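Okay, so here's the structure we're looking at.
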Amino acid sequence: EKHVRFSRKHTFYSPPTPPTPELSLGSVSPASSGGPITPPSYSGNLPGPTPGSVCVHPLLQLSRSPAVNFDLTQPPSTITSRHHGISQRVLSEPATSPPMRTMTITSRHLPWIITAHTSRGPFVTVYDVFDAIYYTLRKNITPNEYHSLPTQKDKHHVNTAYEQRYRRIRSSREYQDEKSGGVRRVDFLMDHTRFMGLSMTRETDTWIL
1 EKHVRFSRKH
11 TFYSPPTPPT
21 PELSLGSVSP
31 ASSGGPITPP
41 SYSGNLPGPT
51 PGSVCVHPLL
61 QLSRSPAVNF
71 DLTQPPSTIT
81 SRHHGISQRV
91 LSEPATSPPM
101 RTMTITSRHL
111 PWIITAHTSR
121 GPFVTVYDVF
131 DAIYYTLRKN
141 ITPNEYHSLP
151 TQKDKHHVNT
161 AYEQRYRRIR
171 SSREYQDEKS
181 GGVRRVDFLM
191 DHTRFMGLSM
201 TRETDTWIL
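In full-length UniProt numbering, the protein residues as written are 1 to 209.
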């Protein structure tokens with residue numbers, strides 16, 4: 001009989017730097033190197049969006065062939081682009097046009113919502129969205145949340161996702177840490193852990209993962 005692990009401690013896995021730094025989020029173009037991520041200046045009050053008038057940044061757009069490679073079980077530092085490097089300047093751009101102070105993200109696979117807030121500056125950036133998705137899904141689930149899964153088949157899929165997540169870690173120490181961390185929210189996505197982009201809902205500040 002399998003036993004499901006639960007933990008109240010939220011740990012965050014930081015793998016080694018990818019072998020292709022020119023494609024990683026950590027890579028910085030010469031013009032943007034030498035300091036922390038800082039959004040471009042934006043003066044004045046943000047305009048209130050109207051239905052149908054909000055567009056998401058190209059890196060976040062829903063697509064069968066998304067602009068970024070983002071495994072939702074991995075931190076944003078592992079994200080790569082299909083075509084070119086992602087500079088800090090691009091990551092600091094507004095996640096939406098017009099810019100917004102918060103973004104709400106939902107998924108039919110998840111009973112929780114993801115809220116992206118401004119980390120610095122007046123608007124949510126592209127990086128804020130990636131960061132909010134990862135850290136929200138990294139949280140541990142409770143036994144009640146696990147038992148709220150509607151079927152035994154769903155529980156089996158979540159268990160499998162949990163096992164696959166820690167078994168692919170090569171470092172023995174990180175393997176044990178990840179295993180002992182128990183089931184996390186990201187496991188509720190089962191095998192839907194590739195970021196395909198965001199699609200808009202009828203509500204101007206809510207998006208679907």
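Where a beta carbon is used, it is the ideal one built from N, C-alpha and C, also for glycine. Note that this is a predicted model, so its numbers are computed, not measured.
Whose C-beta lies closer than 8 Å to the C-beta of residue i among residues of the same chain, with five residues either side of it excluded?
i	result
I105	I113, I114, T115, A116, V129, A132, I133, L198, T206, W207, I208 and L209
T102	T115, A116, H117, T118, V124 and D205
T136	W112, I114, T115 and R185
A95	V56, H57, L60, M103, A116, F123, V124, T125, V126, D128 and V129
Go ahead and label residue i buried or exposed: buried means 16 or more other beta carbons lie within 10 angstroms of its beta carbon, across all protein chains shown.
i	result
F170	Reading the sequence as shown, one finds Arg at residue 170 and not Phe. It counts as exposed.
T147	Residue identity differs from the one stated: residue 147 is His in this sequence, not Thr. Flag for H147 reads exposed.
H109	exposed
Q88	buried
R173	exposed
T78	buried
E203	exposed
Any chance the CB of residue i is under 7 Å from a heavy atom of the ligand MN?
i	result
R168	This structure lacks the ligand MN, and indeed carries no ligand of any kind.
Quick check: residue i and residue j, are their CB atoms within less than 8 Å of each other?
i	j	result
R138	V186	yes
V54	P98	yes
V126	L91	yes
S107	M196	no
G181	N140	yes
Kindly indicate if chain B contains any beta-carbon less than 8 Å away from that of residue i.
i	result
V186	In the structure shown, chain B does not exist; there is a single protein chain.
Can you list, in chain order, the residues of its chain whose CB lies under 7 Å from that of residue i, leaving out five sequence neighbours each side?
i	result
V158	L149, V183, D187, F188 and M190
T193	D71, L72, T73 and V186
Give every residue of the same chain whose Cβ lies closer than 6 Å to the Cβ of residue i, excluding the five residues on either side of it in the sequence, and list them in chain order.
i	result
A161	D187 and M190
R165	T73
K179	Y166
Where in the UniProt domain "DUF6699" (69-202) do unbroken runs of the alpha helix (DSSP H), each at least 4 residues long, occur, reported from the N-terminal end onward?
You should have 88-91, 126-137, 143-147, 152-167 and 172-180.
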